[in-house]
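In the numbering used here, the protein residues as written are 132 to 376. From the three backbone atoms N, C-alpha and C, an ideal C-beta is built for every residue, glycine too. Since this is a predicted model, take the numbers as computed values, not measurements. Presented below is the structure to which this report refers.
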């Protein structure tokens, strides 16, 4: 009812705050955020630069995981100070302030747990992928993270069939699987653009001014790094290599 809608709205507001703080931290590291998507269970931000050796992305993911834990800790302190119960309140319980914050507390706890899992679109997957990409290719790191996402989806489906029987873990499994496959397809597409010759891909080539295609924040910051950025309007990928100066 009204309490559920209020909890959902407050949770989405928390997700937006989480993503904005994370985007601000990324900007301090020299990476601007292209856009932010809010889903019912998490937020998803696309960075302006995707590097082959993503040292800065490791810190961005760590901040995201820490924020999830911090929000859950803040709700824990609130319930403890007010003397409210930590046991989950039934959705059929009467409307009360304690019930509202109890449900919001469990939403934050579950988000903090899932956000630390190495499966897309959560920060745990970005941390796992970025750490692997320090020693291997981003594509290979994404493939491994996608496999973990598939295994996580399978575990959620089994838990729904054996334990919960309410459909929520099953819906979460579909979401995790779809987002893992989307991220893998996204990286595969731009990996092919970066490592294939025009004659091999069969794509049309045109010479245009880089100012029309590459945003300032999409240029590599570190000497010798590489990055690429999607341009949805023109359906092309832009690769930039070498010294940004």
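{"query": "Beta-ladder partner(s) of residue 175, from DSSP", "result": "168"}
{"query": "Pairwise C-alpha distance: residue 299 and residue 272", "result": "29 Å"}
{"query": "Simplified DSSP assignment, three categories, for residue 137", "result": "helix"}
{"query": "Proximal residues to residue 287 (C-beta, below 6 Å), its chain only, five neighbours per side dropped", "result": "300, 303 and 304"}
{"query": "At least 3 beta-carbon pairs within less than 8 Å: the stretch 226-246 vs the stretch 162-171", "result": "no"}
{"query": "With 16 other Cβ atoms within 10 Å as the buried cut-off, status of residue 136", "result": "exposed"}
{"query": "Closest residue to residue 210 among 230, 186 and 295 (Cα-Cα distance)", "result": "230"}
{"query": "Closer than 9 Å to chain C by CB, residue 206", "result": "The structure shown has no chain C; it contains just one protein chain."}
{"query": "Residue 194 in three-state terms, based on DSSP", "result": "helix"}
{"query": "Among 319, 291 and 290, nearest to residue 275 - alpha-carbon criterion", "result": "319"}
{"query": "Through-space distance from residue 250 to residue 283, alpha-carbon basis", "result": "7 Å"}
{"query": "Residue 280 burial status per 10 Å Cβ neighbour count (16 or more: buried)", "result": "buried"}
{"query": "Burial state of residue 173 (16 or more Cβ within 10 Å)", "result": "buried"}
{"query": "Pairwise C-alpha distance: residue 206 and residue 247", "result": "18 Å"}
{"query": "CB contact flag (residue 261, residue 314, <9 Å)", "result": "no"}
{"query": "Between the CA atoms of residue 157 and residue 191 - distance to the nearest angstrom", "result": "6 Å"}
{"query": "Sequence-distant residues of the same chain with beta carbon closer than 7 Å to residue 143, five excluded per side", "result": "169"}
{"query": "Contact check, residue 141 vs residue 235, beta carbons under 9 Å", "result": "yes"}
{"query": "Cut-off 6 Å between Cβ atoms - residues of its own chain near residue 159, not counting five sequence neighbours on either side", "result": "none"}
{"query": "Residue 197 versus residue 311 - alpha carbon distance", "result": "22 Å"}
{"query": "C-alpha gap between residue 186 and residue 253, whole angstroms", "result": "18 Å"}
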